[in-house]
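So the sequence shown is numbered by numbering that gives the first Met the number 0: it starts at 0 and just counts up by one.
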Amino acid sequence: MPCDLMLITYDGSENARRAVEYAGRFLAANRAVVLTAWEPMVRQAARLSGLSGVMQPEWVTDDEIEDVAFVDARNINAEGVRLAKLAGLNAEARTVECTTTIWNAIVETADELDVDIIVAGTRGATGIRALMHSSVADAVLKHCHRPVLMVPPGREPAPKPAGR
0 MPCDLMLITY DGSENARRAV EYAGRFLAAN RAVVLTAWEP MVRQAARLSG LSGVMQPEWV
60 TDDEIEDVAF VDARNINAEG VRLAKLAGLN AEARTVECTT TIWNAIVETA DELDVDIIVA
120 GTRGATGIRA LMHSSVADAV LKHCHRPVLM VPPGREPAPK PAGR
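Structure below.
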């Protein structure tokens, strides 16, 4: 029996594409919302200049021009919806502006929509790298109270022996 509503996080990465594929293969849902969270360029610039210690110049956005980060998110999201439909899902698009963290935007959207399951790809970081850079998928798993299908990256093909 299919669930009512599935939320698929999609950022355009190979791992996100893999998650869409597995959602279509293993899950059934009446509806699938493909979510791309984005952060306005003004905030990205402020965060980056703050990290570098450089004083940020006053940046006033032009209300007549669409934020390039939003345009990019919309295009990435359209690709995710297309892939979800190819995977056999009844998919629809959703982009959400991130006001704090990407994982928080995902959890808030899942709560707002009251989804039955969240699907996310992971980076597959291990060891010290995983400790230094926690993944969005890990944070979603820790902070939401819904089932989560986490799809790890595929294995790299084994290198061929020399001389063959």
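We put the CB at the ideal spot given by N, CA and C, even for glycine.
Enclosing beta strand (DSSP E) for residue i [first to last residue]
i, result
"Leu82", "Unbroken run through Leu82 is the alpha helix (DSSP H), Val67 to Leu85; no beta strand (DSSP E)."
"Ala119", "Ile116 to Gly120"
Straight-line gap, residue i to residue j (C-alpha atoms, nearest Å)
i, j, result
"Ile7", "Val33", "5 Å"
"Ser12", "Pro152", "10 Å"
"Glu91", "Leu4", "11 Å"
"Asp71", "Pro39", "11 Å"
"Leu82", "Glu107", "24 Å"
"Pro158", "Arg17", "22 Å"
"Thr125", "Pro160", "Any reading at Thr125 needs caution, since the residue's pLDDT is 49, under 50, leaving its predicted position unreliable; the model's value is listed next. Between Thr125 and Pro160, the C-alpha separation is close to 26 Å."
"Ala223", "Ile117", "Outside the modelled stretch of the chain, which goes from 0 to 163, sits residue 223, for which no answer is possible."
"Val114", "Arg93", "13 Å"
"Phe69", "Trp37", "7 Å"
"Asn89", "Arg73", "18 Å"
"His144", "Ala138", "12 Å"
"Ala109", "Arg30", "13 Å"
"Val95", "Arg154", "31 Å"
"Ala15", "Val147", "14 Å"
"Val2", "Glu78", "It should be pointed out that residue 2 corresponds to Cys in this sequence rather than to Val. Going by the C-alpha atoms only, they are around 23 Å apart."
"His142", "Lys84", "28 Å"
"Met0", "Val80", "23 Å"
"Leu112", "Thr100", "18 Å"
Cut-off 7 Å between Cβ atoms - residues of its own chain near residue i, not counting five sequence neighbours on either side
i, result
"Met149", "Ala119, Thr121, Ala136 and Leu140"
"Glu65", "none"
"Met131", "Low per-residue confidence applies at Met131: pLDDT is 43, beneath 50, and the placement is therefore not dependable, though the value from the model is reported in the following sentence. Nothing meets the Cβ criterion."
Proximal residues to residue i (C-beta, below 8 Å), its chain only, five neighbours per side dropped
i, result
"Ile75", "Tyr9, Asp10, Gly11 and Thr35"
"Thr98", "Ala104"
"Ala86", "Val19, Glu20, Ala22, Gly23 and Arg24"
Residues sharing a beta bridge with residue i, DSSP
i, result
"Ala92", "Val33"
"Met0", "Per DSSP, none; premise fails for Met0."
"Val164", "Nothing in the structure corresponds to residue 164, since the chain is present only between 0 and 163."
"Thr8", "Leu34"
"Leu148", "Val118"
Run of the alpha helix (DSSP H) containing residue i, from where it starts to where it stops
i, result
"Leu26", "First-last for Leu26: undefined, no H or E at that position."
"Ala138", "Val135 to His142"
Sequence-distant residues of its chain with Cβ nearer than 6 Å to residue i (five each side left out)
i, result
"Glu134", "The sequence given here places Ser at residue 134; Glu does not occur at that position. Thr121 and Arg122, listed in sequence order."
"Trp102", "Val135, Ala138 and Val139"
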